[in-house]
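Taking my numbering, the leading residue of the sequence shown gets 265, the next gets one more, and so forth.
Using N, Cα and C, we set each Cβ at its ideal position, and we do this for glycine too.
Note that this is a predicted model, so its numbers are computed, not measured.
Remarks on the structure that follows.
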Amino acid sequence: MTNEFEHIKQLTRRFMDGQTTIEEEARLASYYRTHDVPREWRVYKEMFAYFDAGMPLGQDKVAACPSRRARRVWLAVAAAAAVALLMVMVLPRGEAPEAPVRQPVAMNVEPVPADSAESAEADTSDLPPARPVRKPERRRVSRYRYKPAPPKVYLAENVVPETRVPADSIAAAERLLAEKLRAIEAVSEALLRDVGTLNKVKALEMAGVNYNDGQDGGDGASYAGEMY
Numbered sequence: 265m266t267n268e269f270e271h272i273k274q275l276t277r278r279f280m281d282g283q284t285t286i287e288e289e290a291r292l293a294s295y296y297r298t299h300d301v302p303r304e305w306r307v308y309k310e311m312f313a314y315f316d317a318g319m320p321l322g323q324d325k326v327a328a329c330p331s332r333r334a335r336r337v338w339l340a341v342a343a344a345a346a347v348a349l350l351m352v353m354v355l356p357r358g359e360a361p362e363a364p365v366r367q368p369v370a371m372n373v374e375p376v377p378a379d380s381a382e383s384a385e386a387d388t389s390d391l392p393p394a395r396p397v398r399k400p401e402r403r404r405v406s407r408y409r410y411k412p413a414p415p416k417v418y419l420a421e422n423v424v425p426e427t428r429v430p431a432d433s434i435a436a437a438e439r440l441l442a443e444k445l446r447a448i449e450a451v452s453e454a455l456l457r458d459v460g461t462l463n464k465v466k467a468l469e470m471a472g473v474n475y476n477d478g479q480d481g482g483d484g485a486s487y488a489g490e491m492y
């Protein structure tokens, strides 16, 4: 019921705007004839009842107490319908109304005196000749051609960050280096002593000294003591 009435509301608004078809108008008339509507929509119910009654003339009231708004709507609709009916009845189909032909009206033309005509010709003869109209020259439009700029080369600088070494660490490194140098010197001196001892042994061997002989045991011991 509610959905049907909402559809009837939309059709009624379209009917008042003059956008409904004949089938939709018949449906509206049937609905308002057979259904009860709320109070604010009874104006349209009475209007369609007036249409169903054939829009009788000379009757001021169709319902018991129609409102002023309903009267205005009825009068407007009745006037529009009456005008449309008269147009259909009077004008034949397929023919356009002919406009009334107006009779030509005679115009009073006053004769121009000869003096004024001669003066007009003299005035026109005294006018300077018209200058020829020069055609405007076409201007050449200088088109700007875009030229891309050469690419820029960016060189990165290899900057080595400065590192600051504390003074304590420098002193410690110097002491460590001095100790290493002293150790190297001691090893070098020991190697030199060993080389000197080896040279003496080789010299004795070349001289024919026999270290295994018991007679020269004392000398061997002295040489051994000298070696060590």
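Here the alpha carbon of K399 sits roughly 18 Å from the alpha carbon of V405. In this structure, Q274 is the residue among I286, Q274 and T285 with its C-alpha nearest to the C-alpha of Y308.
The C-beta distance from A344 to F315 rounds to 12 Å, too long to fall under 8 Å, and the pair is not in contact. Per the coordinates, the alpha-carbon of L441 lies some 10 Å from the alpha-carbon of I434.
Here the alpha carbon of P430 sits roughly 53 Å from the alpha carbon of V465. Q283 carries a coil assignment under DSSP once its states are collapsed to helix, strand and coil. With a 10 Å radius around the Cβ and a threshold of 16 neighbouring Cβ atoms, E401 comes out exposed. For the pair E289 and R303, the Cα-to-Cα distance works out to about 21 Å. In the structure shown, G318 adopts coil according to DSSP, grouped into three states. As the crow flies, the alpha-carbon of R457 is around 27 Å from that of R439. Taking C-beta atoms under 8 Å as the contact rule, R291 and F312 fail to qualify, at a distance of about 11 Å. In this structure, the CA atom of W305 is about 12 Å from the CA atom of E270. The beta carbon of G472 is closer than 6 Å to none in its chain, skipping five residues each way along the sequence. Rounded to whole angstroms, the separation of the alpha carbons of E268 and H299 is 11 Å. For V465, the enclosing alpha helix (DSSP H) has its first and last residue at A431 to A471. With fewer than 16 neighbouring CB atoms inside 10 Å of its own CB, T285 falls in the exposed class.
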